[in-house]
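2 protein chains.
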Amino acid sequence: IETANDEQVFAFFNEYHHADIADILEELSLEQATYVIKLLDSEKTSDVLIELDEDDRERILKNLSAKEIAEEIEELDTDDAADMIAELPEERQENVIAQIEDEEHAAEIKELLAYDEDTAGGLMAKELVKVNENWTVTQCVKEMREQAAEVTRVHSIYVVDDNNILKGRLSLKDLLVAPARGKIKDIYIPKVDYVYVDEDDEEVAKVMQKYDLEAIPVVDQEKHLLGRITIDDIVDVIKIEAEKDYQLAAGITQEVEADDSIFELTKARLPWLVLGLFGGLGSVFIMGGYEEALSTYKELFFFTPLIAAMAGNVGVQSSAIIVQGLANDVVKGSLLQRLLKEVGLSLINGIALGGLVIIFGYIMQYPASFTFTIAISMLCVIIIAALVGTFVPIILDKRGIDPAIATGPFITTSNDIFGIFLFFYIAKLMLGF
Amino acid sequence: IETANDEQVFAFFNEYHHADIADILEELSLEQATYVIKLLDSEKTSDVLIELDEDDRERILKNLSAKEIAEEIEELDTDDAADMIAELPEERQENVIAQIEDEEHAAEIKELLAYDEDTAGGLMAKELVKVNENWTVTQCVKEMREQAAEVTRVHSIYVVDDNNILKGRLSLKDLLVAPARGKIKDIYIPKVDYVYVDEDDEEVAKVMQKYDLEAIPVVDQEKHLLGRITIDDIVDVIKIEAEKDYQLAAGITQEVEADDSIFELTKARLPWLVLGLFGGLGSVFIMGGYEEALSTYKELFFFTPLIAAMAGNVGVQSSAIIVQGLANDVVKGSLLQRLLKEVGLSLINGIALGGLVIIFGYIMQYPASFTFTIAISMLCVIIIAALVGTFVPIILDKRGIDPAIATGPFITTSNDIFGIFLFFYIAKLMLGF
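Heads up: the sequence lines are chains A and B, in that order.
Heads up: the first sequence begins at 1 in the working numbering, then just goes up one per residue.
Heads up: the second sequence begins at 434 in the working numbering, then just goes up one per residue.
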């Protein structure tokens, strides 16, 4: 393909949807991708750039001049434009903004850049359709035609007063069935959900999901209409949040993908492994302290991986359920109720598993005292592990720390050490070595 | 509140959004909740019922007659109606459908019930706005007003021919700026994304996300327009999928929540714990086989939890990255490349961690041969665990099995046993006991 002339390449790519072009570009070399981006119209390439992986986009933008980037930015909605500019080095940001011809667009992007990316302000776009409550329906339709030409998708029509204060909304459906005469004031719906500009993006996602909204207006503390957030941005928030939690649970510290470089993957994985190593070295010490049991109860030491695995598995299960419950706001009831429930649950699980251990001990012809020691100490380890797995996330959440960090290696490692310690401690008490 | 008279309760609840009423009902007793549902208008309660937790809804519906349920169903869109009916016992389903007065609605619901719930057909609703390509714009607007009255949200207007075959779409924005005269044939957009009715729901989610669609038409093999899927249904698919993967990774076998009963939680958690127990008992056997090393190298046994933890952690990290990559279709390149990459990655991690072990051994004044045995066998365990974690999901995926089951306890347990076996095997080779 790349040996063909410009026209052929242009014709080839122009046929495709921008999301597909982005897929193709990710397979090409940097030079080839830059060449294609420069060749196509910026109306198309701006969308392609937004679809690209962050790393790929960064590399391509490095090869474009501030002027060329500004041309791409002109074609984008303000929210995407602000996201793209935010990724540039600071000095380039200013150069690019200075090159944007549409001054209003530039000013809006500058405004959006000021918001934290994890807030409603960081998600919102300035493009929206708004009408004044004092307009007539006819006037409104005329104005809307003009506004709609600039907005990719019309979701709701927001109604404001003369001071740009949000008063309500007009749905497109209402407009379709509305009589041509009459004032907006008389037909708009005054009940409208909105979010404040400094609201956390996960909160925005929850509100939009709960009320099944496809777009939500964003206001400041005085209810001035600032922008709107659409459901497609929320889909991204939900996906990224889910992936982050999943990766935390798997012991990966940062957003990585299978195709990232070995160096980036190591940076994301090694820290938790080092934590696990220190945990393991801790259990070396603990077992060393019970060395004297080796002569009479050497089998105790054969059971340590089992105890560690149980403590780890139970802890991860408990923490995963709680973390998910906290995220979905379904954790109700008092701490005491939860404590009793976890103890009850681990008693049932522990007794079932202890029963299996007793059967195993019988088959292996271990002394009964030894088998019961294993079963009872395992039961205790399971109860404690479940409590740690449940309450560490709750405590973190109460202190405003993301409880998801308490899933995965953190819980596994601490439960491993703690479980092995408890196991030997109870065994010593029961067997008396 | 519940001691008040009907009118007060009615007035109280009528003020609220249906999602908020659902939240309140979940806090009430079954009798109270049923009472409120019966009291309010079915226009409102049908939405409330859909928002409720599946278990709560089931309990309330049990207290309603087929006639009462049918009234709720009449108010719902076909997709929600079909979902709600599908949850009823089979014989009640037929009774309820027979009681629906609107025959067209009943027929549509029956049609939807026939589709598998994990397919496009299971997600779609029959409510949509469609126009014939042979109509004029004026005729079209008139027809649309009627259709729009039945559709909660108008996303796109689909264009069909006389045989109901999907030809393209008209965006609402186009309609706003279109001239009043002229035929639909001349102004519709022939490029339209669509999905087949038997497409998997996760695939539908991917297509809608990739092309940033808020609604997508569903067609049969001959491209007859059957229904449409909206983005809010896709948000649910994405969330449920993410939660399922997360729970699998945490060793929980089925969709449970923190507030489910102890019995349900046990059913979800115990199976993986039993698997972990058998794994642990397996390592008891393995270590028993190397009992003779106890006299000279007792510290080897102190290191088993460390080895098991490393094997487990590395395996989970590798599998989580691959499972996520497979889900997002970003796993590219040949199997050999991936093999080399994983080996390279685990070499780096393993050497770093081995270095720490050597420092530890030096501090503890272990013999150098012993320390190096630990470090080298740990390195081997890490490499093998990473390969198992990477390739088990890939193989499962190739065979059409959900690779997510290979995260969590499955990988941890098998890597535990395998790691401990490898550790002792290499130690025996190197130390010669």
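Where is the CB? At the ideal position from N, CA and C, for every residue including glycine.
Using a Cβ cut-off of 8 Å, pull out every chain B residue sitting near residue i, in sequence order please.
i: A:HIS224; result: By Cβ distance, chain B contributes nothing, its closest Cβ being about 24 Å from A:HIS224, past 8 Å.
i: A:THR407; result: ALA683
i: A:ALA427; result: Neighbours of A:ALA427 on chain B: none; closest Cβ ~15 Å, over 8 Å.
i: A:LEU345; result: ILE695, LEU698, THR699, ARG702
i: A:VAL235; result: GLN642, ILE664, ILE667, VAL668, ILE671
What residues of chain B sit near residue i, judged by a beta carbon separation below 7 Å?
i: A:ARG269; result: GLN750, ASN782
i: A:PHE435; result: The structure shown has nothing for residue 435 of chain A, since chain A only spans 1 to 433.
Helix, strand or coil: which one does DSSP assign to residue i?
i: A:SER434; result: A query on residue 434 of chain A cannot be resolved here, the shown segment of chain A reaching from 1 to 433 and no further.
i: B:ILE662; result: strand
i: A:VAL129; result: strand
i: B:LYS616; result: strand
i: A:ALA465; result: A query on residue 465 of chain A cannot be resolved here, the shown segment of chain A reaching from 1 to 433 and no further.
i: B:PHE571; result: Note on residue identity: the sequence assigns Thr, not Phe, to residue 571 of chain B. Residue state, collapsed to three classes: helix.
i: B:GLU484; result: helix
i: B:ASP474; result: coil
i: B:PRO842; result: helix
i: A:ALA114; result: coil
i: B:GLY865; result: coil
i: B:MET641; result: helix
i: A:ALA33; result: helix
i: A:MET124; result: coil
i: B:SER847; result: helix
i: B:HIS450; result: coil
i: B:ASP439; result: helix
i: B:ASP835; result: coil
i: A:ILE24; result: helix
i: A:ILE100; result: coil
i: B:ASN496; result: coil
Per DSSP, which one or two residues make a beta bridge with residue i?
i: B:THR552; result: B:ASP633
i: B:ARG602; result: B:TYR591, B:ILE622
i: A:THR216; result: In the sequence under discussion, the amino acid at residue 216 of chain A is Ile, which differs from the Thr named in the question. A:ILE229, per the DSSP bridge assignment.
i: B:VAL628; result: B:VAL651
i: B:HIS657; result: B:ILE598
Name the chain A residues whose beta carbon is nearer than 7 Å to that of residue i?
i: B:ASP678; result: TYR246
i: B:ALA753; result: TYR246, GLN247, ALA250, ILE252
i: B:ALA540; result: Within 7 Å Cβ-Cβ: nothing; B:ALA540 doesn't reach chain A, min ~25 Å.
i: B:ASP849; result: PRO305, ALA309
i: B:ALA785; result: LEU270
If you count every other CB in all the chains shown that lies within 10 Å of the CB of residue i, and 16 or more means buried, which is it?
i: A:GLN247; result: buried
i: B:GLU520; result: exposed
i: B:PRO800; result: exposed
i: B:SER694; result: exposed
i: B:GLN757; result: buried
i: B:LYS559; result: buried
i: B:PHE843; result: buried
i: B:THR571; result: exposed
i: B:ARG771; result: buried
i: A:LEU429; result: exposed
i: A:PRO403; result: buried
Residue i versus chain A: which residues are under 9 Å apart at the beta carbon?
i: B:TRP705; result: ASN313, GLN317
i: B:MET418; result: Lying outside 434 to 866, the shown extent of chain B, residue 418 of chain B is not represented and no answer is given.
i: B:PHE734; result: MET287, LEU294, LYS298, PHE301, PHE302, THR304
i: B:LEU546; result: Chain A residues near B:LEU546: none, gap ~23 Å exceeds 9 Å.
i: B:ALA514; result: Near B:ALA514 there are no residues of chain A at all, since even the closest Cβ is about 16 Å away, more than 9 Å.
i: B:ALA675; result: ILE238, LYS239, GLU241, ALA242, GLU243, ASP245, TYR246
So residue i contacts chain A; which residues on that side make the cut at Cβ distance below 8 Å?
i: B:TYR644; result: HIS17, ALA19
i: B:MET743; result: LEU273, GLY276, LEU277, GLY280
i: B:LYS774; result: ILE262
For a contact defined as C-beta to C-beta under 9 Å, what are the partners of residue i on chain B?
i: A:GLU214; result: ARG586, HIS588, GLU647, THR663, ILE664, ASP665
i: A:THR413; result: ALA742, ASN746
i: A:ILE420; result: PRO738
Start-end ranges of the alpha helix (DSSP H) lying completely within the stretch 757-802 of chain B, minimum 4 residues: 768-796
Alpha helix (DSSP H) runs wholly inside the stretch 692-765 of chain B, at least 4 long, in chain order: 695-722, 732-735, 737-760
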